[in-house]
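Asks:
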Amino acid sequence: MTAPLHIEGACMCGHVRLLVTASPMMTMACHCRGCQKLSASAFSLTVMIPAAGFQVFGHSPQVGALHRDTKYFFCPHCLNWLYTRPASTDAFINVRPTMFDMPEWSEPFIESCTSEKLPWARTSAKHSFAQFPPMEQYGALLAEYAALRGGG
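Every letter in the sequence shown is one number past the one before it in the numbering used here, and letter 92, counting from 1, is 107.
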């Protein structure tokens with residue numbers, strides 16, 4: 016399912032609202048132990064959004080769950096994990112697509128850290144990586160995802 020270009024969402028309590036106005040770059044499921052613990056699930060779902068196309072309204076999220084220079088943002092009221100700013104770049108934001116009002120389009124395209132996945136966990140991701148994709152593969156993965164969405 017193709018993602019709309021105007022995507023709205025909120026945390027559980029509605030104090031923090033999210034708006035996406037740029038095409039998602041890629042969707043993924045991460046099986047690392049950190050994401051398992053943060054999401055209280057077998058994996059976390061993520062959609063990469065260009066930073067210029069991402070806005071937060073309402074209450075300001077709080078930073079928590081520090082891991083090196085990566086920042087994890089949570090609602091200060093209901094403590095939902097909303098998004099992550101990777102330490103390696105300011106170009107994109109990793110947003111939890113389950114915060115969107117209509118997340119149906121966010122099926123994972125890749126899954127990462129499968130070396131840490133729970134043995135019964137399954138996704139429909141097209142590509143799987145024991146850790147994260149090698150940097151030299153990101154360009155091709157982004158192009159393939161855009162083509163699947165009809166944007167490339």
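Glycine included, every Cβ here is placed at the ideal spot set by N, Cα and C. Quantities reported herein were computed from a predicted structural model and do not represent experimental measurements.
Measure the Cβ-Cβ separation of Y160 and M41 and say whether it is below 8 angstroms.
Replies: yes
Asks: Who pairs with E126 in a beta bridge, going by DSSP?
Replies: A44, S143
Asks: Report yes or no: do three or more beta-carbon pairs, one from the stretch 20 to 38 and one from the stretch 83 to 103, lie closer than 8 angstroms?
Replies: Output reads yes: the stretch 83 to 103 touches the stretch 20 to 38.
Asks: For A140 versus E126, is the C-beta spacing smaller than 8 angstroms?
Replies: yes
Asks: To the nearest angstrom, report how far apart E23 and W96 are at their CA atoms.
Replies: Going by the C-alpha atoms only, they are around 16 angstroms apart.
Asks: The alpha helix (DSSP H) spanning G154 covers which residue range?
Replies: 150 to 164
Asks: According to DSSP, is P65 part of a helix, a strand, or is it coil?
Replies: In the three-state scheme derived from DSSP, where H, G and I count as helix and E and B as strand, P65 is classed as strand.
Asks: Tell me, which residues are paired with E23 by DSSP?
Replies: L34
Asks: Taking C-alpha atoms, which residue in L53, L157, G165, H46 lies nearest to F107?
Replies: L157
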